[in-house]
Amino acid sequence: MSFKIEIENLSAWFGSKQVLKDITMKIRENVVTAIIGPSGCGKTTLIRCLNRMHELTPGSKATGKVLLDGEDIYGEGVDPVTVRRRIGMVFQKPNPFPMMSIYDNAAAGLKLNGVTDKRRLNEVVEKSLRVAHLWDEVKAELGKSGASLSGGQQQRLCIARALAIEPEVILMDEPTSALDPTAAAKIEQLIRVLIADYTVIIVTHNMQQAARVSDFTAFLYLGELVEYGSTKDIFENPKSELTEKYITGEFG
Amino acid sequence: MLIACNVFVVLGLMFYEIIQNSLLSIQMYGAEFLLGTKWQPFPPNPNILPSFGALPLIWGTLVTSAIALILGVPLSLGISLALSEFAPKSFNYIISFFVELLAAIPSVVYGLWGIFVLIPFLQTNVYPYLQGALGFLPIFQGTIRGPSILTGGIVLAIMIIPTVSAISRDVFAAVPNSQREAIVALGATRWEKAGIVMSYGRSGVIGAIMLGLGRAMGETMAITMVIGNSFNLFGSLFEPGSTLASIIANEFTEASSPPVYVSALMEVGLILFALAIVVNALARLIIWRSTRKIKEAGMV
Amino acid sequence: MISLAYLALIAALIPLASILVETIFRGLSAMNSSFFLEEIPPLGEPGGGIGPAIQGTLIVVALASVMGVPIGVFSGIYLAEFRQARIASVARFLNDVLTNVPSIVLGIFGWTLIVVAIGWSVIAGAVALAIIMIPIITRTTEEAIKLVPMTMREAAIALGVPRWKTTLTVVLSNAKKGIATGILLSVARISGETAPLLLTILGSRFWFSGFTQPTAALSVAIFNFSQSPYRLIDWPRAWGASLILIFIILVINIIVRYATREKYGWANT
Numbered sequence: 001m002s003f004k005i006e007i008e009n010l011s012a013w014f015g016s017k018q019v020l021k022d023i024t025m026k027i028r029e030n031v032v033t034a035i036i037g038p039s040g041c042g043k044t045t046l047i048r049c050l051n052r053m054h055e056l057t058p059g060s061k062a063t064g065k066v067l068l069d070g071e072d073i074y075g076e077g078v079d080p081v082t083v084r085r086r087i088g089m090v091f092q093k094p095n096p097f098p099m100m101s102i103y104d105n106a107a108a109g110l111k112l113n114g115v116t117d118k119r120r121l122n123e124v125v126e127k128s129l130r131v132a133h134l135w136d137e138v139k140a141e142l143g144k145s146g147a148s149l150s151g152g153q154q155q156r157l158c159i160a161r162a163l164a165i166e167p168e169v170i171l172m173d174e175p176t177s178a179l180d181p182t183a184a185a186k187i188e189q190l191i192r193v194l195i196a197d198y199t200v201i202i203v204t205h206n207m208q209q210a211a212r213v214s215d216f217t218a219f220l221y222l223g224e225l226v227e228y229g230s231t232k233d234i235f236e237n238p239k240s241e242l243t244e245k246y247i248t249g250e251f252g
Numbered sequence: 001m002l003i004a005c006n007v008f009v010v011l012g013l014m015f016y017e018i019i020q021n022s023l024l025s026i027q028m029y030g031a032e033f034l035l036g037t038k039w040q041p042f043p044p045n046p047n048i049l050p051s052f053g054a055l056p057l058i059w060g061t062l063v064t065s066a067i068a069l070i071l072g073v074p075l076s077l078g079i080s081l082a083l084s085e086f087a088p089k090s091f092n093y094i095i096s097f098f099v100e101l102l103a104a105i106p107s108v109v110y111g112l113w114g115i116f117v118l119i120p121f122l123q124t125n126v127y128p129y130l131q132g133a134l135g136f137l138p139i140f141q142g143t144i145r146g147p148s149i150l151t152g153g154i155v156l157a158i159m160i161i162p163t164v165s166a167i168s169r170d171v172f173a174a175v176p177n178s179q180r181e182a183i184v185a186l187g188a189t190r191w192e193k194a195g196i197v198m199s200y201g202r203s204g205v206i207g208a209i210m211l212g213l214g215r216a217m218g219e220t221m222a223i224t225m226v227i228g229n230s231f232n233l234f235g236s237l238f239e240p241g242s243t244l245a246s247i248i249a250n251e252f253t254e255a256s257s258p259p260v261y262v263s264a265l266m267e268v269g270l271i272l273f274a275l276a277i278v279v280n281a282l283a284r285l286i287i288w289r290s291t292r293k294i295k296e297a298g299m300v
Numbered sequence: 001m002i003s004l005a006y007l008a009l010i011a012a013l014i015p016l017a018s019i020l021v022e023t024i025f026r027g028l029s030a031m032n033s034s035f036f037l038e039e040i041p042p043l044g045e046p047g048g049g050i051g052p053a054i055q056g057t058l059i060v061v062a063l064a065s066v067m068g069v070p071i072g073v074f075s076g077i078y079l080a081e082f083r084q085a086r087i088a089s090v091a092r093f094l095n096d097v098l099t100n101v102p103s104i105v106l107g108i109f110g111w112t113l114i115v116v117a118i119g120w121s122v123i124a125g126a127v128a129l130a131i132i133m134i135p136i137i138t139r140t141t142e143e144a145i146k147l148v149p150m151t152m153r154e155a156a157i158a159l160g161v162p163r164w165k166t167t168l169t170v171v172l173s174n175a176k177k178g179i180a181t182g183i184l185l186s187v188a189r190i191s192g193e194t195a196p197l198l199l200t201i202l203g204s205r206f207w208f209s210g211f212t213q214p215t216a217a218l219s220v221a222i223f224n225f226s227q228s229p230y231r232l233i234d235w236p237r238a239w240g241a242s243l244i245l246i247f248i249i250l251v252i253n254i255i256v257r258y259a260t261r262e263k264y265g266w267a268n269t
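What follows is the structure, encoded as structure tokens:
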């Protein structure tokens, strides 16, 4: 089993406030890795450092290395735009483009990369919508606005949109927290299917979800990586007392 | 309470008065007024009726407004995108201040500057090259005159920039950040990110453009002073022309007789009034509908 | 690509800089002490000044304000306090329509209403300018009042103060600043208007001689001088008058901007 992403001594700041402290971890390929921890522990900041979105906030800073297939994405001369095409992101609140149709939403990333061949676009759009388990529900109305779908469908559309550019890694920031339980369940099923072709990293504040869905889990507290291991180990046999307290709901 | 109803009174009275005063001309000339091309209040032969054809005026108004939009809108959008997406926030205040100064300068001063600064500049440094490059098009042929339709359009372009850019800037500021994040996560450059913002705010921008159009059509003094005041129809842009507004400004105070002269100018005013109302009503309708659509999609 | 946007910024600011610079230089060279105090000579005659034009502008604007400000402010109060009334929505819409009517059309209206009855006069000009002012003041007043938080009104009402008194005292005193800036901005706006005045006060060379008589004004004077064939004598006068006019308008705008700087977070930068 190889490591898709190796994080080395990653630290991050918002202005003078340090939110990530010297994180080092190796993320395996083709598995689901969950990042859990109480509010404010830095989990969202962590994944936003992985696709170089953290630096978009004015006054933010990050140091350390993040190796994608061995190459540091923060290296000299690396264009963040190319990083984001290999590492995709799905956000907490579904954000399809309301002025575009479902089809165009799915194709948005491809068109950005200059793909104009109609046949290729059609193929990829259908494939991504199928993988996102949305195709059957929308194939008859691909021209409708992206915002006309239900919350759960919108999120699947956002997943399809992210998949369409064929990234290698998918980051998910609390992807189901804005959805009802049925929709959330569908997304969780989808995540388990995705790892055949992708590496998934999911941030969640819902421990049961982490236990259900992930293969590996990392527990963050106040910006530090407290414990990281297989999900089974973390939940059944946590090494750190802090981890155990969090898992059993004593705080957070 | 009742005082607020002043709008009804004013607008109502305006409609009434203007229409009433135009009646004479409407009766005498009918549709010919809109389609006729001759404007001769004092025919050489006293036995002929004066003729009033407004087509060259309508043409002048439309062409100068079109030039204003073609030149002014890209500049305005550039400014509002620069302010909302690219520039550091501290710039925002100072630049907005200067753009608003541009709006505060009275029309007649624009006209003065137009006559004595812009026209000489354009005549020596711009128009000859323009004709050299694009002279194969009929609209760029013929003798180059300073006071001309093209100059009128250029001055109008400068004057609508504050309007269009201020509204567009507000429209862009209202675009939710989640949209920007979504496109950036797909690997968009800063310019592509601006594209999404413009796309989301598309209807608001159209509304802003239409308000700019309304402003351009109603503009009087600056354009009267630089357009040359002659009658141009389908001619070269380097030729002088007139607009609905400029002819009223030029001729109204002298038009004491015959009574149909005043009435004709009134009718010109009526056409201008109607045009301005229609354009502005359309603009507000578009803006209103776009805000409603976005609210319905739950994206606000 | 981004540099294009910055280029647009610069391109738009160049005319502004040019207008200001040219007006200052050409205007200053035309002015001397008599400029402000003497009568306007006929076109082509040297000497004299534009005193009547300054006086005329001040008088017409003052009269217009006396008519327009109360009407505008009360309309704005009504629209803000009775938002739900059906008639309020219609009035608001029509108000917006009125703000976009070309000023020359308003000049025509002033002519048909007043000039036809009593001739070219200060009153006609003031009425035309007032009609320009009213919708602007109505809208800015309404906005200023809307900004006053509900909590403040509720506090007064909870003390048993009747609605109308709440409006007149608590709400108005909180909205004071916003209302004042709206008034100032519209005053600046109408000082520069030319087209409506051309068709109502006609313009004149002499000092004010009665409300029912024509009078001079800076904006009209600028226009007339610019059309004169006597370039060496009259064109500089046009620039001098422009300088004075722009000065008045810019000063008002800068005062207003300075007074509202917290609104834009300027105080923090």
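Residue numbers (the working numbering), protein chains in the order written: chain A, 1 to 252; chain B, 1 to 300; chain C, 1 to 269. A virtual CB, placed ideally from N, CA and C, is assigned to each residue, including glycine. No experiment lies behind these values; they were computed from the predicted model shown.
| Check | Outcome |
| --- | --- |
| For Trp-39(B), the residue or residues it bridges with in DSSP | Phe-52(B) |
| Where the alpha helix (DSSP H) through Gly-75(A) begins and ends | Element bounds for Gly-75(A): n/a, residue is neither H nor E. |
| Proximal residues of chain B, C-beta to C-beta of Arg-156(A) below 7 Å | What Arg-156(A) touches in chain B: nothing, since even the nearest Cβ is about 15 Å away. |
| Where Gly-265(C) sits in the DSSP three-state scheme | Residue placement at Gly-265(C) cannot be trusted, given a pLDDT of 47 that sits under 50; what the coordinates show is reported in the next sentence. Coil, per DSSP. |
| Whole-number beta carbon distance between Gly-178(C) and Leu-147(C), since they are thought to touch under 8 Å | 6 Å |
| Inter-residue Cα distance where the pair is Ala-103(B) and Trp-59(B) | 26 Å |
| Close beta carbons around Ala-135(B), own chain, < 8 Å, minus the five adjacent residues each side | Residue identity differs from the one stated: residue 135(B) is Gly in this sequence, not Ala. Same-chain partners within the cutoff: Gln-141. |
| Min CB distance Lys-93(A) to chain B below 9 Å | yes |
| 8 Å CB neighbourhood of Leu-37(C) in its chain, flanking five on each side removed | Gly-49, Gly-51 |
| Residues of the stretch 245-257 of chain C with Cβ closer than 8 Å to any Cβ of chain B, in chain order | Leu-245, Ile-246, Ile-249, Leu-250, Asn-253, Arg-257 |
| Chain-ordered residues of the stretch 186-200 of chain B with a beta carbon less than 8 Å from chain A | Leu-186, Gly-187, Ala-188, Thr-189, Glu-192, Ile-196, Ser-199, Tyr-200 |
| Interface residues of chain B facing Arg-84(A) [CB-CB closer than 9 Å] | Val-184, Ala-185, Leu-186, Gly-187, Ala-188 |
| Residues near Arg-92(C) by beta carbon distance below 6 Å, same chain, minus five either side | Leu-79 |
| Through-space distance from Ser-89(C) to Gly-265(C), alpha-carbon basis | Reliability of the predicted coordinates at Gly-265(C) is poor, the pLDDT of 47 falling under 50, and no value is obtained from them. |
| Meets three-Cβ-pair contact criterion under 8 Å: the stretch 162-178 of chain A and the stretch 82-101 of chain A | yes |
| Beta carbon proximity, Gln-123(B) to chain A, threshold 9 Å | no |
| Chain C contact for Ile-18(B) (CB, 9 Å cutoff) | yes |
| Any C-beta of chain C under 9 Å from that of Ala-281(B) | yes |
| Reduced DSSP secondary structure (H/G/I, E/B, other) of Arg-52(A) | coil |
| Pairwise C-alpha distance: Val-81(A) and Gly-88(A) | 11 Å |
| Whole-angstrom C-beta distance between Thr-253(B) and Leu-94(C), which should lie under 8 Å | That pair is no contact at about 30 Å. |
| Continuous alpha helix (DSSP H) stretch holding Gly-64(A): start and end | No alpha helix (DSSP H) contains Gly-64(A), which is instead part of the beta strand (DSSP E) from 60-68. |
| Closest Cα partner of Leu-46(A) within the set Val-78(A), Ile-7(A), Glu-71(A) | Ile-7(A) |
| Boundaries (first-last residue) of the beta strand (DSSP E) holding Asn-9(A) | 3-14 |
| Exposed unless 16 or more other CB atoms sit within 10 angstroms - verdict on Gly-160(C) | exposed |
| Collapsed DSSP secondary structure at Phe-136(B) in the structure displayed | coil |
| Rounded C-alpha distance that separates Val-69(C) from Ile-134(C) | 7 Å |
| CB contact check: Arg-189(C) to chain B, cutoff 9 Å | yes |
| is_contact[Glu-100(B), chain A] using C-beta, thresh 9 Å | no |
| Backbone secondary structure at Phe-216(A) - three-state DSSP | strand |
| Close-in-space but distant-in-sequence residues of the same chain around Gly-218(B) (CB under 8 Å, 5 per side omitted) | Ala-245, Leu-272, Ala-276 |
| One or two residues paired with Leu-20(A) in a DSSP bridge | Ala-12(A) |
| Range of the contiguous alpha helix (DSSP H) that encloses Ser-18(C) | 2-30 |
| Neighbour-count burial assignment, Lys-165(C), 16 or more Cβ in a 10 Å radius | exposed |
| Outcome for Ile-286(B) when other beta-carbon atoms lying within 10 angstroms are tallied against a minimum of 16 | buried |
| Chain B contact residues for Gly-88(A), given Cβ-Cβ distances below 8 Å | Ala-185, Leu-186 |
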